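If you count the sequence shown from 1, position 108 lands on 1114 in the numbering used here, and the numbers rise without skipping. Below is one structure; the comments refer to it alone.
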Amino acid sequence: MPIYLNLVRDPVEKMASRFYYARATPRPGAATPPGYTSPAPPHYTSLEECLRYQDPECTFLTGHHYDLTIPYFCGHEDFCRELNNEAALSLAKRRVEAWYPVVGVLEKVNATLAVLQHHLPHYFAGVLDLYHNDLLAPHYNRNQQRPPTSPEVEAALKTNLSLEYDFYNYLKQRLGKQFQELPVT
1007 MPIYLNLVRD
1017 PVEKMASRFY
1027 YARATPRPGA
1037 ATPPGYTSPA
1047 PPHYTSLEEC
1057 LRYQDPECTF
1067 LTGHHYDLTI
1077 PYFCGHEDFC
1087 RELNNEAALS
1097 LAKRRVEAWY
1107 PVVGVLEKVN
1117 ATLAVLQHHL
1127 PHYFAGVLDL
1137 YHNDLLAPHY
1147 NRNQQRPPTS
1157 PEVEAALKTN
1167 LSLEYDFYNY
1177 LKQRLGKQFQ
1187 ELPVT
C-alpha cells in the first residue's frame, strides 16, 4: 500500500499566487525551451480588477468546477470538482483520515516537518536540520512583482471559497494535533 502525503496552502494565498504566477515575466536570463511560444496575455493584470469585472478565473462561483484543494483529496467523481460541495468536502476529509498519515500546511512549515520526521522517519529523518541549516535559498521561486492581496479581495475570496477554508482549517487542526502529540525530546 502506498503512503500518501500532501502539502496544502491557505486558499486565498494559493489562488493569488497562481493568478500572479500566470502573469509573471520569466526570470531575466532564463533559457526559453525550443519551440516555446508565449501565451496570450491575460485580460486582467490585478486580482482586484479580475474580481471587479467578475471574471470566471477569479470569481469562484458555487457549483462550478475549479482546480482547488478539495478535488485533490476527494477524487475523480464529478461532484469533487464542484466548488462548495458538502459531499466533496466530506469525502475529502474521509480520504485524508483513511490514506494520509500526514498532510502538511505551508504556513506551518516547522510543524509539518516535525510531524513528517516523526511519522515517516524512513523518508524524513533529519529534515528539520536540513531545512534550517542546509537549505540555502528557501524562497527562490517567490514572485517579487506580486502585490499584496487587499483586505477587500481577501474577504470576497474567503466568502467564495468557504468550504475550501473549512477543509484547510480542518487540515491545520489535524496537523496541530499531530504536532502536539509528538514526544518531547
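Every residue gets a Cβ at the ideal spot worked out from N, C-alpha and C, and that includes glycine. Given the structure is predicted, the values throughout are model-derived calculations rather than measurements.
Environment of residue i [buried if 16+ CB atoms lie within 10 Å]
| i | result |
| --- | --- |
| residue 992 | Since the first residue shown for the chain is 1007 and the last is 1191, residue 992 is missing from the structure and cannot be characterised. |
| residue 1017 | buried |
| residue 1155 | buried |
| residue 1007 | exposed |
| residue 1170 | buried |
| residue 1067 | exposed |
Coil, strand or helix - residue i by DSSP
| i | result |
| --- | --- |
| residue 1071 | strand |
| residue 1103 | helix |
| residue 1088 | strand |
| residue 1116 | helix |
| residue 1169 | helix |
| residue 1149 | coil |
| residue 1016 | coil |
| residue 1030 | coil |
| residue 1133 | helix |
| residue 1140 | helix |
| residue 1062 | helix |
| residue 1237 | Outside the modelled stretch of the chain, which goes from 1007 to 1191, sits residue 1237, for which no answer is possible. |
| residue 1041 | coil |
| residue 1078 | helix |
Beta-carbon separation (whole angstroms), residue i vs residue j, contact threshold 8 angstroms
| i | j | result |
| --- | --- | --- |
| residue 1107 | residue 1011 | 7 angstroms |
| residue 1065 | residue 1053 | Wrong, their Cβ atoms sit about 11 angstroms apart, outside the cutoff. |
| residue 1124 | residue 1188 | 5 angstroms |
| residue 1051 | residue 1029 | 6 angstroms |
| residue 1009 | residue 1126 | 7 angstroms |
7 angstroms Cβ shell around residue i - same chain, five flanking residues per side excluded
| i | result |
| --- | --- |
| residue 1098 | 1076, 1079, 1080 and 1173 |
| residue 1071 | 1087 and 1088 |
Beta bridge counterpart(s) of residue i as assigned by DSSP
| i | result |
| --- | --- |
| residue 1108 | 1011 |
Own chain residues within Cβ distance below 8 angstroms of residue i, not counting five before or after
| i | result |
| --- | --- |
| residue 1162 | 1057 |
| residue 1122 | 1011, 1108, 1110, 1129, 1130 and 1133 |
| residue 1168 | 1090 |
| residue 1013 | 1109, 1110, 1111, 1112 and 1118 |
| residue 1120 | 1134, 1185 and 1188 |
Close Cβ partners of residue i (< 6 angstroms) along its chain, the five nearest in sequence each way excluded
| i | result |
| --- | --- |
| residue 1074 | 1170 |
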